[in-house]
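K.L.:
Just so you know, the sequences run in chain order A and B. So the first sequence is numbered by our numbering: it starts at 1 and just counts up by one. So the second sequence is numbered by our numbering: it starts at 1 and just counts up by one. Handing you a structure now.
There are 2 protein chains.
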Amino acid sequence: MEGESLARLVELLQARCLERGVRVAAAESCTGGLIAKLITDVPGCSGYFCGGVVSYSNEVKTSLLAVSEEQLAAHGAVSAQVARSMAVGALNATRADFAVAVTGVSGPGGGSPGKPVGLTYVAVADSLGAEVRRFVWAGDRAANREASARAAILLLLERVSGGAASETR
Amino acid sequence: MEGESLARLVELLQARCLERGVRVAAAESCTGGLIAKLITDVPGCSGYFCGGVVSYSNEVKTSLLAVSEEQLAAHGAVSAQVARSMAVGALNATRADFAVAVTGVSGPGGGSPGKPVGLTYVAVADSLGAEVRRFVWAGDRAANREASARAAILLLLERVSGGAASETR
Chain A
1 MEGESLARLV
11 ELLQARCLER
21 GVRVAAAESC
31 TGGLIAKLIT
41 DVPGCSGYFC
51 GGVVSYSNEV
61 KTSLLAVSEE
71 QLAAHGAVSA
81 QVARSMAVGA
91 LNATRADFAV
101 AVTGVSGPGG
111 GSPGKPVGLT
121 YVAVADSLGA
131 EVRRFVWAGD
141 RAANREASAR
151 AAILLLLERV
161 SGGAASETR
Chain B
1 MEGESLARLV
11 ELLQARCLER
21 GVRVAAAESC
31 TGGLIAKLIT
41 DVPGCSGYFC
51 GGVVSYSNEV
61 KTSLLAVSEE
71 QLAAHGAVSA
81 QVARSMAVGA
91 LNATRADFAV
101 AVTGVSGPGG
111 GSPGKPVGLT
121 YVAVADSLGA
131 EVRRFVWAGD
141 RAANREASAR
151 AAILLLLERV
161 SGGAASETR
């Protein structure tokens, strides 16, 4: 799916979800609504998209996604643990069948030696469990956000399809 | 502010909010994350943007924004009452100082004689109360969503400024 545009991947996701009768939600930190915006660009998305949470602040991560303050303190907002909790929290809050979550450092600010600009975790959760992937993008803010959205849509597509729908397929 | 681009209006909102030390949240139905995406396009937005909810389904409106099922049944999701409840719900859920909410029929489907494509309610809430505005856009899905986002940013700007910052100023 390497050559597919992001808009085309979203259309594929919609077709796959409608075909399988499953519903999807999103919890977004660094992408800040971009994934939901891309999904809702497509007419008919209400057939599978529940919505989700833009958890830009830690307070919203705890209040709306039930991420624990202990976890945020121990691992930081940009961590595999928090990405997983965000996905599980979105799944529970929306009653979707699949939830995707993204947390990362889009830049230009916010980077640190341990967590550089571009570091991003993408998680997906369903009733069977959750998985997380780690990326380090090398673009500017807009490019990093788009790369994160793309990784999220691909991970959702793969999970909804119940197998490998990854870039390497 | 009629001639300003939407991106420029978002920059003005950010400058105004940072200057006044206030925080903002968004609850989006028909715009589906577009407002949050536009706000988070701008570096430094974490200084004032808490995040929010993309409440595409009615279930998310009730579970995350505390919109009542009775209200949804009585007035429909696209109504002044639900727009107001979404804004108040986002304010309470995020602890922001100001919350904006949008619900509408972006099209191409979903219209009805009483609620045509383009009908949109935009609400803003703060600790002093809430107000709602009604619009009927005449564009396609993308244009209607952008017009709704613009109206939401303008209403926020006006409310944060504590006076008229509307198109007619």
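Glycine included, each C-beta is placed from N, C-alpha and C at the ideal position. Predicted, not measured: the structure shown is a model, and the values here were computed from it.
Scan the region 113-145 of chain A for residues whose Cβ lies nearer than 9 Å to a Cβ of chain B and list them as they occur along the chain.
P.N.:
R141, A142 and R145
K.L.:
Quick check on DSSP: helix, strand or coil for E167(B)?
P.N.:
For E167(B), the predicted model reports a pLDDT of 38, less than 50, meaning its position is unreliable and no value from the coordinates is stated.
K.L.:
On the premise that G107(B) lies in contact with R141(B), defined as a C-beta separation below 8 Å, what is that separation, rounded to the nearest angstrom?
P.N.:
5 Å
K.L.:
By the criterion of Cβ-Cβ separation under 8 Å, what are the contact partners of T94(B) in chain A?
P.N.:
S57, E59, V60, S63 and L64
K.L.:
Is DSSP giving S161(A) helix, strand or coil here?
P.N.:
helix
K.L.:
Give the straight-line distance between the Cα atoms of E11(B) and R150(B), rounded to the nearest whole angstrom.
P.N.:
12 Å
K.L.:
Between A125(A) and A93(A), which are expected to be in contact by the criterion C-beta below 8 Å, what is the C-beta distance as a whole number of angstroms?
P.N.:
About 12 Å separates the two Cβ atoms, so there is no contact after all.
K.L.:
Whole angstroms are fine: how far does the CA of P113(A) sit from the CA of A36(A)?
P.N.:
30 Å
K.L.:
Hey, G86(B) and S55(B) are a contact pair by Cβ (cut 8 Å); roughly how many whole angstroms apart?
P.N.:
First, the amino acid is wrong: residue 86(B) is Met here, not Gly. That pair is a contact at about 6 Å.
K.L.:
Please report the residue range of the beta strand (DSSP E) in which R134(A) lies.
P.N.:
G129 to V136
K.L.:
Compute the distance between the beta-carbons of I153(A) and L13(A), then report whether it is under 7 Å.
P.N.:
yes
K.L.:
Would you please state the rounded distance, in angstroms, between the beta carbons of L155(B) and R133(B)? I believe it to be under 8 Å.
P.N.:
6 Å
K.L.:
Let me check one thing: in DSSP terms, what residues is D126(B) bridge-paired to?
P.N.:
F98(B) and G129(B)
K.L.:
Taking beta-carbon pairs under 9 Å, can you tell me which members of the region 3-35 of chain A lie near chain B?
P.N.:
R23, A25, A26, E28, S29, C30, T31, G32, G33, L34 and I35
K.L.:
Helix, strand or coil for G107(B)? Go by DSSP, reduced to three states.
P.N.:
coil
K.L.:
Look at the alpha carbon of S79(B) and the alpha carbon of E19(B), and state the distance between them as a whole number of angstroms.
P.N.:
S79(B) and E19(B): Cα-Cα distance of roughly 33 Å.
K.L.:
Can you confirm whether G51(A), when its beta carbon is compared against all beta carbons of chain B, has any partner nearer than 7 Å?
P.N.:
yes
K.L.:
For S57(A), which of D97(A), G129(A), G3(A) and G76(A) has the nearest alpha-carbon?
P.N.:
Relative to the Cα of S57(A), the nearest Cα in the group D97(A), G129(A), G3(A) and G76(A) belongs to G76(A).
K.L.:
With a floor of 3 residues, list each beta strand (DSSP E) that falls wholly inside the region 11-63 of chain A, ordered by position along the chain.
P.N.:
24-28 and 49-55
K.L.:
Within its chain, find whatever has a CB closer than 7 Å to the CB of V42(A); leave out the 5 residues flanking it on each side and keep chain order.
P.N.:
Answer for V42(A): V10, E11 and Q14, listed in chain order.
K.L.:
Using a Cβ-Cβ cut-off of 6 Å (strictly less than) and excluding sequence neighbours within five positions of R145(B), which residues of its own chain qualify?
P.N.:
T31, L34 and S106
K.L.:
Distance check for R16(B) and G162(B), CA to CA, integer angstroms please.
P.N.:
11 Å
K.L.:
Would you say T40(B) faces chain A, with C-beta separation under 7 Å as the test?
P.N.:
yes
K.L.:
Roughly how many angstroms lie between the CA atoms of G51(A) and A27(A), to the nearest whole one?
P.N.:
Their backbone Cα atoms lie some 9 Å apart in a straight line.
K.L.:
Based on the DSSP secondary-structure assignment, which residues constitute the bridge partners of L119(A)?
P.N.:
V136(A)
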